[in-house]
Structures are given as structure tokens and as C-alpha cells.
Amino acid sequence: MSDPTPGHHWQLNTVSDDYAELVIDVRDAPANTLSRTVMAELNAWLDELQAVPPRGLVIRSGKPGGFIAGADVHEFTRIRDRDEALAVIRLGQSTFERIAALPFPTLALIRGHCLGGGLELAMACDYRIAVDDPATRLALPEVKLGIHPGFGGTVRAIDLAGSLKGLEVMLTGRSLSARQARCLGLVDEALPERVCANAIHHYMTARPARRSPPRGEALLRSAPLRPLVAAVVRRQTRRKANPAHYPAPFALIDLWRHHAGDARAMLAAEAESVATLITGETSRNLVRVFKLQNRLKALGKQSDFRPRHVHVVGAGTMGGDIAAWCALQGSTVTVEDANGQALASTVQRADRLFRHRLRDYPRRLTEAADRLLPDPHGHGRRRADVVIEAIFEDEAAKQALFAELEGQVRPDTLLATNTSSIPLERIAAALQDGHRLVGLHFFNPVAKMPLVEVVHQADTPEPLLQQAMALCRRIDKLPLPVRSSPGFLVNRILMPYLLEAALLLEEGFRKEAIDLAATDFGMPVGPLELADMVGLDICLHVAEVLAGPMGLPVPRLLRERVTAGKLGRKSGEGFYRWVKGRPQRARGRVQVDRHLQERLIGKLLDEARRCLDDGIVADADLVDAGVIFGTGFAPFRSGPLHYLTTRRVKGVSEPG
Ligand code: NAD
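Residues in the sequence shown are numbered consecutively from 0, following numbering that gives the first Met the number 0.
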């Protein structure tokens, strides 16, 4: 434990006659988090500030990257029981209550990320100014860790944003830009950096009235209305989360229903509720997922490779989206395709992505668009730091392309293929120096799927693998090092499960029942709906490649649908009929069939275990990470292998 004395993680500076500054800069850490020591030191500073009050106080971060990233998640796992949890939460609550009660104006200056406990601290101040920059992101993402705000945030978020908007922000955990936070009332200003000093001076000297709850709030919080409003919010939330799997959102709604309008009671109940949730299985599993994510992020830190120019060959579904994503993340991208239509479509899709992500920042939007260069003749090949190949899934075509590329690119250019099923060695055989080739297996849709499988051969030089993983972090993806073998990790684990779903359909089970068995287990969508979304032709192709090495039967039904042109969502029909992008399900109630669930999920679990045995990735945690971030596998179960272990411990024989 580090030193809790003042001056270790926080500094108090006198800036002017009008105010002092309390600066958080947690020592030896890339980001500020509110560990117990950091909170203890904050309390020591609050003693001093109470003893010798300044005329005003600004709280800001000393780190350029961000304000405060939240509580120290690693401490969560060390909490032994509910009593200890309660003590930690009450310390947080009382600390922020002390800030709220300071007898002089207080203001939080927020630049970069301001998450969870960080935003709760900011909300305890009288005023908040957020720097209007794309790097500024505010959120109360506690639900993603299986809890809800616990340091008074539930009370303050609804006081500032109103009950409905405040609840929505906490129930979704979504991240907000500075301007969105201002529109919701969570901050008072969203301002360019250059005018912040003036604005701070204004707030410290003019001391405008603090934000009060929005109009209509008293009525919404009145005793007769609360149960009705809570019932509506509960119903909406149920559509997105199952209370048996994710209790936190529902605990938050209950908290609001019983205590909104009575801050004291709500604070007390907030602490009790978080203490229960944080020691529960869901939260422990979600915290594990968070740590797995951090482990993947750290894998990209071994190399300082900073590619500036990415060249993508093939501007189809994947190549086009990979190119757009890399440009969004700051690389100069040339994208090559012989088909002009494909290039035009890439630019159009990229434009939509940039507008979606950078809507509030027109200058950055233009810069991103300028970084993406259609390159029909492949001029970018010779200059690129990285070439990513994403042409048709055809071995001979890929071999021919790489043989050509090898003679054109710089000797230090990273050569990567996005193949989803061809063993790396087979493509590498066409190169004189085959070791150079790595796989960068992105998932569809590129902008949504966080994982990239970084595929290596037995003799891939370590620095090359490190470079490939560093590239993934540069473009904000999670790298997973995977040994080259059929299906790599994610498709190999997914395929037996998808094929089992088609076989069950052949056997006469209803498609709605098959998909329900999976979603009831906690999968984001059922396997038949997923196959339709991926495209049945693509599924069939991957199945045919994997069927031999994995000894899998390719279901007759899958072939028939593809032959009949029923390719899934893209053709309007696959296993389902699709209308306006949605699968049409038969009406009527469907019961969860446990036997069916066991057969379906069992396939996925068995294959995950075999991947570990075959050494496809280095250890069990990486299998779990790959399946969670590559397929959306029920995060609250913390991955297939973790689930198998807990099931064994509990002596349970079927998914439950
Ligand atoms: P696609 O058919 O949508 O696009 C392929 C593009 O490559 C076409 O625009 C074509 O004109 C272009 N092309 C073909 N040969 C070329 C060449 N020699 N030079 C330049 N351009 C050429 O294919 P896709 O779905 O984007 O798949 C591309 C790769 O990504 C494949 O290897 C596939 O296995 C892999 N992949 C696909 C998915 C997916 O869901 N579609 C997911 C992961 C990986």
C-alpha cells in the first residue's frame, strides 16, 4: 500500500486569491483511480481545507490523459465479504459528502476520461466544466461490473439529469461526450480548453446558482407515481438484460422506486445494495472480464511500433471497414481494390462511421476523411508500414498477391492477412521469407467487435508478433495471440455450436426454441439468428473448411438454404425471414428446453476445452477472453472455461 499522507497522490496548489487547486496524479500509475489509499489521502486534504478554507477550490487531474478512471477495480477482488464492502462504500460516500458540504465553491475540471467514481466525485462539486474534446468521455459504467454507482452517484445523477435521464445513463453505462453530458445536465459547461481558465474564474467569483433537479422532477418522484414509472423502466430494461443474469440494473431501479426524493435514505440503501452486488457472482465474473480485457490491452505494450501508414488490399465487407476503422483511429490509410464500386462503397460507409463517431467535431471528421485514400492502382504498397490483405477467401489468389507484394513493400513492412480459414503457412508458402506473414483476423462488424486474433506460425519471430499486437492497440482493438490452425480460436469454437443448431433444426426443433436456449443461457443472439447475420454462404464455406480437420458433419439444411439463394439477412431469408433488418419469429410463447440448451452450449464448451488442450492460445484465460470478446459469450459467466470450472465446483451437470 502506498503512502496516504498528503502530497503523495494529490497536490494542493494556490493558484490565485480566488481559488486553490487540488490536483490528483496517482503516483506510478498510467491513470488515476480511487483506491483506498487515494481516498484516505483525499480525506487528509479535506481536513486541511476545512481547517484553512480557500475562497474556492478546483479539482483537476495532473495527468494529460484523463481525469479519474473510477474506483480501483483490482481492490474489488480483494473484498472478502459484505461487511468489508459496506465499509469501503461508506468511506467513499462520506468522503464525497464532505466535498459537497465544503463551505466554499468547488468545481471539477474534466479533461479525458471521467468514469464511475471519478464522475461521482465531480458530481459532488458545486460545478463541473468538461473540456470539449473527443478524448473527454464521461460515464457511470458500474453496471458493466455488475454494480451501480455507490459513492452517492445514484442520488446526484438523478438530481442533475433528472430521474429518467439519470437512470438511463446509469442503466446503460453508456459513455458521453462533453456536449452530451452538458445537454443532460451532468456538467455545467462543455468548453474548448483555451477558454476554461476564464470560465473557472467566472464560476469561482460570480458563484452562480448550482444546478437544481429539472422541472417535473418532484412529480416524477412522488410516492404515487414512482411505482408506475419504475414498472415501465423495469420492463424496458428487461428487454435488454435478464435479472437472473444481471441483477444490478434492477437493484438500481428498486433503489429509485423506494427512495428517490429522500437523499439520506437513498444513500443508505445505495451502500447496502452495492455491498450485496459487489460480493455476488455476477459482479465477480464481470470484474474478471474487465481484467481479461486489461490483459489483452497489455499484450500490445511490448513494442513501440507506431504504424503511420496502413495499406489495405481488398475493399469488400471487411477490407473497407478495416480501412475506415484505421483512418478513424488516426492512421493514414490507402485502400486498394480493382473494383471501383467497392472503393466507392468503402468511402460511403467510412463517411457514415466518421459522422457517427465524430459528429460533434467537424474538423476531426474532415481530418479522418482526408486520411482515407482510395488507391485503385496500389501506389500505397511501397510506402506502407503495414499491409493488410482482405481479398476473397481464395488460397491461390492470396498467394499470388503476397508473392507480388513481397517484391514491392519495404523490407520492414508488416505483412498481414485477414483470412478467416486458410492456414497461415499455406499463404506464407508463396513468400520467399514466409516468416514475415502474420494473421490479423478482424471480426464482422469491424467497428463493433473489439477482438482481433493475431495469428502466428510456429516460427513467427517474437518481435513481429509484438508489432502486430501493438498495431491492434494503436487502432483500439484487443489483440489475442493465436496459433495458426484451422478456424483459429473463435471460429473453431463457434462452428460446432452453429452447426449443432442447424442439426437440431433438421431434427425438427423449432428455430425459436433453439435460439431461446442460447439467449436464455446468456448468448447475445441465438445461433440461427447469428448464422443469418454472418451469411449462410460464409458459414457454409467456413464449415466446409473446418469439417474435415474437426470431423464435423455439415448439415444438409445449411447446404440447401445456400443452394436456394437463402443466404440470411443480406438476401432477406436464411433460417429466418428478415424484414427491415429483423428476423421474423413465429408468434406464441416458447419454453426454455434444458436438454436442448445442454446439447447446444455443450458443443461450445467442449470445443473451448479442446482448444486449450491443443495449445491454440497460451492458457485458459486467453480462451475465455477470445470467446467473450470474439463472440459476446455471456460475460456474466466470465467465459466458457471459467463457467465449466464453477459448474464443476457447484456440482451442476447442465447449464444453469
Ligand atoms: P468481399 O468479397 O466482401 O471482398 C473482397 C474484395 O476483394 C472485393 O471487393 C474484391 O474486388 C477485392 N479483391 C479480390 N481480389 C483482389 C485483388 N487481387 N486485389 C485487390 N482487390 C481484390 O470479402 P470479405 O467478406 O470482405 O472477406 C475478405 C477476407 O476477410 C476473406 O479472407 C475473409 O475470409 C475474411 N473475413 C471475412 C469476414 C466476414 O464476415 N465477411 C470476417 C472475418 C474475416
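Glycine included, each C-beta is placed from N, C-alpha and C at the ideal position.
Practice problem: Could you pull out every residue in the same chain whose Cβ sits closer than 7 Å to the Cβ of Leu48, ignoring the five residues on either side in sequence? | Solution: Leu56, Leu101
Exercise. Identify the continuous alpha helix (DSSP H) that holds Tyr360 and give its terminal residues.
Key: Careful: Tyr360 lies outside any alpha helix (DSSP H) and carries neither H nor E.
Quiz prompt | Beta-carbon proximity list for Gly564, same chain, < 8 Å, skipping 5 on both sides | solution = Ser570
Quiz item: Would you call Glu499 buried or exposed, if buried means 16 or more other Cβ atoms sit within 10 Å of its Cβ?
Solution: buried
Quiz item: Can you name, in chain order, every residue of its own chain whose Cβ lies under 8 Å from the Cβ of Leu464, other than the five neighbours on each side?
Solution: Val437, Val453, His455, Pro480
Self-check item: Chain-order list of residues whose beta-carbon lies under 6 Å from that of Ala247 (same chain, five-residue window excluded)
Solution: Val142, Gly145, Ile146, His147, Leu276
Quiz item: Candidates Ser93, Leu595, Arg54: which alpha carbon is nearest Pro526's?
Solution: Leu595
Quiz item: If we count the other Cβ atoms within 10 Å of its Cβ and call it buried at 16 or more, is Gln407 buried or exposed?
Solution: exposed
Self-check item: Enclosing alpha helix (DSSP H) for Glu216 [first to last residue]
Solution: 216–219
Practice problem: May I have the straight-line CA-CA distance separating Leu450 from Asp613, to the nearest angstrom? | Solution: 21 Å
Exercise. Label Ser483 either buried or exposed according to how many other C-beta atoms from any shown protein chain fall within 10 Å of its C-beta, with 16 as the threshold for buried.
Key: buried
Quiz item: Is the beta carbon of Val524 less than 9 Å from the beta carbon of Met494?
Solution: no
Quiz item: Can you pull the DSSP bridge partners for Gly438?
Solution: Thr416, Val454
Quiz item: Considering only the beta carbon of each residue, do Gln92 and Ala314 sit closer than 9 Å?
Solution: no
Self-check item: Proximity of Asp374 and His310 at Cβ, strictly below 9 Å
Solution: yes
Quiz item: DSSP state of Val186, grouped into three classes?
Solution: coil
Quiz item: Which residues mark the beginning and the end of the beta strand (DSSP E) in which Val22 is found?
Solution: 19–23
Quiz item: In whole angstroms, what separates the C-alpha of Gly116 from that of Val87?
Solution: 12 Å
Quiz prompt | Asp82 vs Thr32 beta-carbon contact at 9 Å | solution = no
Quiz item: Where are the beta strand (DSSP E) runs, 3 residues long or more, that stay fully inside the region 107–167, in chain order?
Solution: 112–114, 126–130, 136–138
Quiz item: Between the region 250–266 and the region 112–132, do three or more beta carbon pairs fall short of 8 Å?
Solution: no
Quiz item: So is Gln590 buried or exposed if we call it buried at 16+ other beta carbons inside 10 Å?
Solution: exposed
Quiz prompt | Near ligand 1: Lys397 beta-carbon under 8 Å from a heavy atom | solution = yes
Quiz item: Going by other Cβ atoms of all chains shown within 10 Å of its Cβ, with 16 needed for buried, is Glu505 buried or exposed?
Solution: exposed
Quiz prompt | Residue from Ala415, Ala343, Ala428 whose Cα sits closest to the Cα of Met468 | solution = Ala415
Quiz prompt | Straight-line Cα distance separating Ile109 from Ala196 | solution = 12 Å
Practice problem: Quick one: residues in its chain with C-beta nearer than 6 Å to the C-beta of Asp2, no 5 flanking neighbours on either side, listed in chain order? | Solution: In this predicted model, Asp2 has a pLDDT of only 45, less than 50, meaning its place in the structure is not dependable; the value taken from the coordinates is given anyway. Excluding positions up to five away in sequence, the list is empty.
Quiz item: Which residue's Cα is closest to the Cα of Ile157: His258, Leu352, Val386, Val231?
Solution: His258
Quiz item: Taking the beta strand (DSSP E) that Val657 falls in, what are its first and last residues?
Solution: The structure shown does not extend to residue 657, since the chain is modelled only from 0 to 655, so the question has no answer here.
Exercise. Compute the Euclidean distance between the alpha carbons of His201 and Asp531, then round it to the nearest angstrom.
Key: 57 Å
Quiz prompt | Whole runs of the beta strand (DSSP E) within the region 193–251, excluding any shorter than 3 residues | solution = none
Exercise. Please state whether DSSP places Ser60 in a helix, a strand or coil.
Key: strand
Exercise. Give the single residue among Leu106, Thr13, Phe442, Ala121 whose Cα lies nearest to the Cα of His112.
Key: Ala121
Quiz item: Which value, in whole angstroms, describes the spacing of the CA atoms of Thr645 and Glu511?
Solution: 29 Å
Quiz item: Taking the alpha-carbon positions, what's the Arg193 to Ile199 distance?
Solution: 11 Å
Exercise. Kindly indicate which residue of Leu372, Arg354, Arg380 has the alpha-carbon position closest to the one of Leu364.
Key: Arg354
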